[in-house]
Each structure stands twice: as C-alpha cells, then as structure tokens.
Amino acid sequence: MPKLTPLITQTEIAHQVQRLGEEITAFYAGEPLVAICVLKGASLFFADLVRTIKSPVEIDFIQLSSYGAGTESTGQIIFKKDVDIDLQGKNILIVEDIIDSGITMNFLLQYFKDKGAKSVNAAAFVDKSERREIEVDCKFVGIKLSKGFIVGYGLDYAEQYRCLDNICTLQL
Ligand code: IMP
Ligand code: MG
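In this text, residue positions in the sequence shown follow my numbering: the first is 4, and each later residue adds one.
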C-alpha cells in the first residue's frame with residue numbers, strides 16, 4: 004500500500020498563496036496580465052492564486068504531458084491543449100504546481116516568449132531542487148523542497164490524490 008505522510012498543511016498552503024498574491028500584485032502594479040494554468044496539477048493552486056491578485060487578470064489553460072504513470076519525467080513534452088487568448092503584447096504569468104527537472108517550465112517560458120508576449124514570468128507552488136536538470140527562472144515560488152514525491156493540492160500520482168486539501172509525501 005502507498006504511504007501518505009502529511010507535509011504541508013492547508014493553513015500553510017493558504018498562507019503561502021496569500022504571500023505570493025501580494026508579491027505578484029506588487030510586481031504588476033495594476034498592469035493587466037494573463038495567468039496561464041498548466042493543467043491539471045496547477046488547477047487548485049491557480050484557482051486560489053488568481054483570486055489574490057489585485058490587477059485585471061485574464062485566465063487561460065494549457066495542458067502538457069511529460070509524465071506517464073510513474074514518478075519521473077520522461078523529458079519529452081507532449082501538447083494536449085494550447086491557449087485560446089491572443090498573447091501578443093500581453094504580460095503572461097505561467098502558473099505551475101511544481102518544478103522538478105525544470106524541463107516543463109523551461110519549455111513554457113520559451114514557448115510564450117516566442118508568441119510575442121510583452122513579458123513572461125513564472126509562479127510555481129513548489130520548487131523541488133533534487134532532480135533539477137535545467138536552470139529555471141521562476142520569479143514566484145511558494146515552497147522550496149529538496150526532495151521527495153508529493154501529492155495533494157492538485158498534485159497527483161497516476162491521477163490519484165489531487166483533491167487532498169493538504170500536501171503529503173508519497174512512498175510507494
Ligand atoms: P519537470 O518538467 O520535471 O519540472 O516536471 C514538472 C511536472 O512534473 C509537474 O508539473 C508535475 O506535474 C510533475 N511532478 C514533478 N514532481 C512531482 C511530484 O513530486 N509530485 C507530483 N507531480 C510531480
Ligand atoms: Mg504539472
């Protein structure tokens with residue numbers, strides 16, 4: 004049986020989201036932005052975060068896949084859904100659940116820069132360093148973690164555990 008161990012409480016999550024919202028609000032200083040949710044993992048974080056940003060925010064969604072049912076990235080990115088909004092000249096904030104190898108976020112930062120955005124920045128709820136392969140410039144980070152596989156608050160293992168309201172480490 005997989006073992007779940009609580010790591011980050013619902014209260015701590017709410018506190019970090021609020022802090023990030025304040026940082027992002029200060030950074031954009033009233034300028035409009037497009038927040039892009041990286042499905043599915045970032046969905047819960049995204050819904051909480053966009054409501055804390057005090058700037059006009061448009062939302063859009065993207066879905067990629069670099070994982071199969073395992074816990075390690077395959078390194079290959081597959082597009083499942085692209086954004087609908089025209090991003091030309093807009094401020095883009097990519098919202099991710101977690102940065103692990105860095106491959107996904109690195110790809111997305113470049114992808115949106117190539118779409119002619121005015122600015123492209125990234126927010127991730129968790130920045131996990133142990134398996135980093137590419138340096139990533141993520142401006143807004145909720146929690147830093149050195150290692151471990153975590154689930155809950157949108158994060159899954161083989162599509163399970165996304166709807167936990169806290170974050171737990173998973174041991175298989
Ligand atoms: P990266 O391209 O290796 O940085 O992978 C990023 C994606 O891998 C995230 O958006 C997650 O979907 C997934 N991922 C990485 N680490 C974990 C974890 O500890 N738990 C759940 N998903 C993870
Ligand atoms: Mg993800």
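The beta-carbon is built from N, C-alpha and C at its ideal position, and this holds for glycine as well.
Which residue comes first and which comes last in the beta strand (DSSP E) that contains residue i?
| i | result |
| --- | --- |
| PHE143 | 143-148 |
| THR172 | 170-174 |
| VAL123 | 122-131 |
In chain order, what residues of the same chain have a beta carbon less than 6 Å from the beta carbon of residue i, not counting five sequence neighbours either side?
| i | result |
| --- | --- |
| LEU42 | PHE64, GLN66 |
| GLU133 | SER149, LYS150 |
| LYS6 | GLN174 |
| TYR31 | SER58 |
Less than 8 Å between CB atoms is the rule here; does residue i satisfy it with respect to chain D?
| i | result |
| --- | --- |
| LEU7 | Structure shown: chain D not included; a single protein chain is present. |
Would you tell me roughly how many angstroms separate the C-alpha atoms of residue i and residue j, rounded to the nearest one?
| i | j | result |
| --- | --- | --- |
| LEU90 | ALA50 | 20 Å |
| TYR164 | SER46 | 13 Å |
| LYS116 | ALA126 | 16 Å |
| ALA161 | ASP103 | 17 Å |
| MET108 | ILE97 | 8 Å |
| GLN21 | ILE80 | 31 Å |
Is residue i near the ligand IMP, in the sense that its beta carbon is under 7 Å from a heavy atom of that ligand?
| i | result |
| --- | --- |
| ASP140 | no |
| ASP159 | yes |
| GLU99 | yes |
| ASP103 | yes |
| ILE146 | no |
| THR107 | yes |
| GLY33 | no |
So, at 7 Å on beta carbons, what are the nonlocal neighbours of residue i in its own chain, with the 5 sequence-adjacent residues on each side left out?
| i | result |
| --- | --- |
| LEU10 | ILE153, ILE170, CYS171, THR172 |
Which stretch, first to last residue, makes up the alpha helix (DSSP H) that contains residue i?
| i | result |
| --- | --- |
| VAL98 | Counting along the chain, VAL98 falls outside any alpha helix (DSSP H), though it belongs to the beta strand (DSSP E) covering 94-102. |
| ALA17 | 13-31 |
Just to confirm my understanding: we take residue i, look at its own chain, exclude 5 residues before and 5 after, and list those with CB closer than 8 Å. What are they?
| i | result |
| --- | --- |
| ASP159 | LYS43, GLY44, ARG165 |
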